[in-house]
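J.: Sharing a structure here in structure tokens format.
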Amino acid sequence: MTMDGTASSPVLDALIGSPPEITLRSGSATDAAASVVAVVLAAGEDGPVLAAAARRAGADLGVDLDRLVETESLRGDAGSVLVVPVTGAQRSITRLLVVGVGAGQPGDWRAAGAAVARRAGAAARVAVIAQPAPVGLRAFAEGAALGAYRVSGLLERAGQPGRPAGDGADARTRPVVAPGAAAEAPGRDALNVNEITVDDAGLDGVDAAGPAIDAAGPAVDAGGGASASVAEAVGGPLREVVVVGDLAADPAALAALRAARAVALGVYIARDLVNTPSLVKSPEWLADRAVRIATEAGLTATVLGPRELAEQGFGGLRAVGQGSPRPPRLVRIEYDGAGAGAGAGAGAGAGAGAGGGGARHRVLVGKGITFDSGGLSLKPAVSMIGMKTDMSGAAAVLGTMTALPALGVPGRVTGLLCLAENMIGGSAMRPGDVITCWGGTTVEVLNTDAEGRLVLADGLAYAAGELGADVVVDLATLTGAIAVALGRRTAGLFSSDDDLAAELATAAESAGERVWRLPLTEDYRPAIDSPVADLANIGRALDVGGGSITAALFLREFAGKLPWAHLDIAGTARSDSDDGEISRGGTGWGVRTLLRWLAADPAAATAVADASARVG
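This is the structure in structure tokens:
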């Protein structure tokens, strides 16, 4: 069951990892059948603050929390955790966690949720004594769900068949083939799904409502299932976080959990796809997986294969993918929230052609390079290790799109996943080649490792010229230079529109992701001029440096006169270690920011409300 009491999808559960349930109940912590209990400690102006319910829970477990706070000098810093072993009568509960929630801002609650998930150990169920406001509850639930992410079972969900019995030493691992798809050439064994590096010096991709609860009787959780036995509460991984307080019958609290579930599921989708090894993750496999996930979420999805890409003039995608025996794909995913309102339930409308009520048509474009060797401008070997993650932009777009119906986001949104594999070979594009992108713009290819901007060029031009977009935002692991400039936890933001840039920055801050706006320096624009084409794919005409800026200037050429923003996530899309709600490997960066932005879009909400009033 899901947080909102609706049945989860067995198809979707089979495709991706499932976030733990975050449920509400009244009563005491000992009624929750959990092996770990957590209490929260706030950082007040006059010192740390414990709620009366926390003190009672501590006393039930034989722990004097006031004395503990004093002797351990606890301050209640957000995300801090003190682990206290529990012995005595309550033998089912083995540990008490004292978790800091700082000043109680959403970011503090998010950090506390992640800390609870990470310090749960082998517990499958944790009870948390807390009473946050709905906004804090949502942040806590997001943090707990995201902090609980693990890659275990990833290859099974991906359909990796393992090593078949057969012809002795010549037997090799077979690549996964989507149902009904043609088989692809066998490849080498999969890389370790946890192996993740980033080269800071390169180009693209280095280019780097729930039931009422009786407090006196057995509880029924907000997910609709009866509380499990103590035996089921141990042995991990974390399956449920029970928030014990007086929120169980609060509609706003239940809505907060629904929203958190939708967001976490979107991030899980992105993380699982990013972490899948490239042996499995061909453009065809990823396109098929995206269609299945999108369809299960109630969206409309269409795939353009090699023939359609050729017929419709997607020269950038075709050029990048032509060196691989696994050809490119473009996936178009459509959502229409006409009549939806912010915070609506999972029944919000989706699909193409429903009109949109005059709301802005927002298009999200994601770079989806399933593996980046650099092409003939070959990367050093160490720089290729993390390149299974070079499709993080496309994964974030897919994760975002799947959450829109559950969140009831108003207006029309289209997602474009530009999928290709950049490989070497006799048919690979060469430095010096001139290609024609969608819409007719010609590009001189000076470096085949600056390939992400070529597939995005097709997607951006198609969005502006064919889809009738009103606003376009792209995400890409585009330049290693952005990680040098901003590090691994801040994404670069470029935009042709100040209002759009401000909206995205506000959304990122609210979501717990960080961006920093960088300039589109007009003096650098001549650097991408070419004597033989409309543009060059890297700076040549002027030695201006600023690789992230010149890459963004290149992309701007394909967005027409539309409000456009580019998020360079080469640093933030990947992590070498667990850090709060971020897990090692693919981070799913951008899903939270985009969902906050789309749900808060005032133009979309106003237009949908106006349309609904006219219909009424």
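Those letters in the sequence shown? Residues 322 to 937, by the working numbering.
Here a beta-carbon is modelled for each residue, glycine too, at the ideal position from N, C-alpha and C.
Note that the coordinates shown come from a computational prediction; the quantities given were computed from them, not determined experimentally.
(1) Answer with buried or exposed for residue 625, where buried requires no fewer than 16 other C-beta atoms within 10 angstroms of its C-beta.
(2) Can you give me the Cβ contacts of residue 452 inside the same chain, cut-off strictly under 6 Å, excluding the 5 residues immediately before and after it?
(3) Please tell me whether residue 686 and residue 781 are closer than 7 Å, where the distance is taken between their beta carbons.
(4) Taking its Cβ as the centre, do 16 or more other Cβ atoms sit within 10 Å of residue 699, making it buried, or is it exposed?
(5) In terms of residue numbering, what span does the alpha helix (DSSP H) encompassing residue 713 cover?
(6) How long is the line joining the alpha carbons of residue 384 and residue 601, rounded to whole angstroms?
(7) Looking at the structure shown, is residue 732 part of a helix, part of a strand, or coil, going by DSSP?
(8) Would you report the Cα separation of residue 419 and residue 471, rounded to the nearest angstrom?
(9) Taking the beta strand (DSSP E) that residue 564 belongs to, which residues open and close that run?
(10) Within the continuous beta strand (DSSP E) that includes residue 814, where are the two ends?
(11) Just to confirm, is the Cβ distance from residue 421 to residue 362 under 7 Å?
(12) Given a cut-off of 7 Å on the beta-carbon distance, is the pair residue 355 and residue 448 in contact?
(13) For residue 777, tell me which candidate among 748, 711, 908 and 826 has the shortest Cα-Cα distance.
(14) If you run the structure through DSSP and keep just helix, strand and coil, what is residue 622?
(15) Taking C-beta to C-beta, are residue 893 and residue 797 nearer than 7 Å?
(16) Give the DSSP-derived three-state secondary structure of residue 464 in the structure shown.
(17) Which partner residues does residue 635 have in the DSSP bridge list?
(18) Using only CA atoms, which one of 603, 681, 795 and 731 lies nearest to residue 872?
(19) Which class does residue 291 belong to by DSSP, given the choice of helix, strand or coil?
(20) Starting from residue 432 and walking both ways along the alpha helix (DSSP H), at which residues does that stretch end?
(21) Could you pull the start and end residues of the beta strand (DSSP E) that residue 886 belongs to?
(22) Here's the rule: buried if 16 or more other CB atoms are within 10 angstroms of the residue's CB, otherwise exposed. What is residue 801?
(23) Measure how close the beta-carbons of residue 861 and residue 835 come, nearest whole angstrom, since I'm counting them as under 8 Å.
(24) So, is residue 709 buried or exposed, given that buried needs 16 or more other C-beta atoms within 10 angstroms?
(25) Under 6 Å Cβ to Cβ from residue 851, same chain only, skipping five residues before and after it: list those, please.
(26) Return the CA-CA distance between residue 910 and residue 435, expressed in angstroms with no decimal places.
(27) In the structure shown, what three-state DSSP assignment does residue 808 receive?
(28) Should the region 885-892 be regarded as contacting the region 820-840, the criterion being three or more beta carbon pairs within less than 8 Å?
(29) Checking contacts by CB at 7 Å: is residue 415 closer than that to chain B?
(30) Which residues in the same chain as residue 663 place their Cβ atom closer than 6 Å to its Cβ, once the five residues preceding and following it in sequence are excluded?
(31) Just to confirm my understanding: we take residue 375, look at its own chain, exclude 5 residues before and 5 after, and list those with CB closer than 8 Å. What are they?
(32) Mind checking residue 689: buried by the 16 CB within 10 Å criterion, or exposed?
(33) Just to check, is the beta-carbon of residue 821 closer than 6 Å to a non-hydrogen atom of the ligand SAH?
(34) On the three-state DSSP scale, how would you describe residue 683?
(35) Buried or exposed: which applies to residue 718, given that a residue is buried once 16 or more other Cβ atoms fall within 10 Å of its Cβ?
(36) Would you call the region 612-622 and the region 752-768 in contact, with 3 or more CB pairs under 8 Å?
T.: Taking the structure as given:
(1) Your numbering for residue 625 matches position 304 in the sequence shown. Residue 625 is buried by the Cβ-count criterion.
(2) To locate residue 452, count along the sequence shown from 1; it is residue 131. Within the same chain, residue 452 has close Cβ partners 566.
(3) Reading the sequence shown from its first residue, position 365 is the one you call residue 686. Reading the sequence shown from its first residue, position 460 is the one you call residue 781. Yes.
(4) For the purposes of this step, residue 699 is taken as residue 378 along the sequence shown, with counting starting at 1. Classification of residue 699: exposed, given that the 10 Å Cβ count is below 16.
(5) Taking the first residue of the sequence shown as 1, we reach residue 713 at position 392. Its alpha helix (DSSP H) spans residues 713-728.
(6) Indexing the sequence shown from 1 puts residue 384 at position 63. Indexing the sequence shown from 1 puts residue 601 at position 280. Cα to Cα, residue 384 sits roughly 51 Å from residue 601.
(7) To locate residue 732, count along the sequence shown from 1; it is residue 411. The answer is strand: DSSP assigns residue 732 an E or B state.
(8) Counted from its first residue, the sequence shown places residue 419 at position 98. Counted from its first residue, the sequence shown places residue 471 at position 150. Rounded to the nearest angstrom, the two C-alpha atoms are 24 Å apart.
(9) For the purposes of this step, residue 564 is taken as residue 243 along the sequence shown, with counting starting at 1. 561-565 is the extent of the beta strand (DSSP E) around residue 564.
(10) Position 493 of the sequence shown, counted from the first residue, corresponds to residue 814. Start and end: 811-816.
(11) Position 100 of the sequence shown, counted from the start, is the residue given in the question as residue 421. Position 41 of the sequence shown, counted from the start, is the residue given in the question as residue 362. It is a contact, given that the beta carbons lie within the stated cut-off.
(12) Position 34 of the sequence shown holds residue 355. Position 127 of the sequence shown holds residue 448. Yes, Cβ-Cβ distance for residue 355 and residue 448 is below 7 Å.
(13) Walking along the sequence shown from the start, residue 777 turns up at place 456. That would be 711, whose Cα lies nearest to the Cα of residue 777.
(14) One-based indexing of the sequence shown puts residue 622 at position 301. Residue state, collapsed to three classes: strand.
(15) For the purposes of this step, residue 893 is taken as the residue at position 572 of the sequence shown. For the purposes of this step, residue 797 is taken as the residue at position 476 of the sequence shown. Result no, Cβ atoms of residue 893 and residue 797 do not sit closer than 7 Å.
(16) Taking the sequence shown and counting its residues from 1, the one referred to as residue 464 is at position 143. DSSP places residue 464 in helix when its eight states are reduced to three.
(17) Translated into positions along the sequence shown, residue 635 becomes position 314. Answer is none; residue 635 lacks a bridge partner.
(18) For the purposes of this step, residue 872 is taken as residue 551 along the sequence shown, with counting starting at 1. Minimum Cα distance to residue 872 is reached at 795.
(19) In the structure as shown, the chain starts at 322 and stops at 937, and residue 291 therefore has no counterpart that could be examined.
(20) Reading the sequence shown from its first residue, position 111 is the one you call residue 432. Run containing residue 432: 427-439, per the alpha helix (DSSP H) assignment.
(21) For the purposes of this step, residue 886 is taken as the residue at position 565 of the sequence shown. Segment 885-889, the beta strand (DSSP E) holding residue 886.
(22) Position 480 of the sequence shown, counting from 1, holds the residue named residue 801. Flag for residue 801 reads buried.
(23) Here residue 861 refers to the residue found at position 540 when the sequence shown is read from its first residue. Here residue 835 refers to the residue found at position 514 when the sequence shown is read from its first residue. About 32 Å separates the two Cβ atoms, so there is no contact after all.
(24) By one-based count along the sequence shown, residue 709 stands at place 388. Looking at its Cβ environment, which holds 16 or more other Cβ atoms inside 10 Å, residue 709 is buried.
(25) The sequence position of residue 851 within the sequence shown is 530, counting from 1. Around residue 851: 765 and 857.
(26) As a position in the sequence shown, residue 910 is number 589, starting the count at 1. As a position in the sequence shown, residue 435 is number 114, starting the count at 1. So the alpha carbons of these two residues sit roughly 16 Å apart.
(27) Counting from 1 along the sequence shown, the entry for residue 808 is found at position 487. DSSP places residue 808 in coil when its eight states are reduced to three.
(28) yes
(29) Any reference to chain B falls outside this structure, which holds one protein chain only.
(30) Looking up residue 663 in the sequence shown gives position 342. Summary for residue 663: the model assigns pLDDT 44, below 50, so the residue's position carries little reliability, and this model does not support an answer.
(31) Here the question's residue 375 lines up with position 54 in the sequence shown. Closer than 8 Å at the Cβ level, and outside the excluded window around residue 375, lie 360, 361, 362, 386 and 450.
(32) In the sequence shown, the residue the question calls residue 689 occupies position 368. Looking at its Cβ environment, which holds 16 or more other Cβ atoms inside 10 Å, residue 689 is buried.
(33) The ligand SAH is absent from the structure shown, which contains no ligands of any kind.
(34) Residue 683 sits at position 362 when you count from the first residue of the sequence shown. DSSP places residue 683 in strand when its eight states are reduced to three.
(35) In the sequence shown, residue 718 corresponds to position 397, counting from 1. Its Cβ being crowded by 16 or more others within 10 Å, residue 718 is buried.
(36) no
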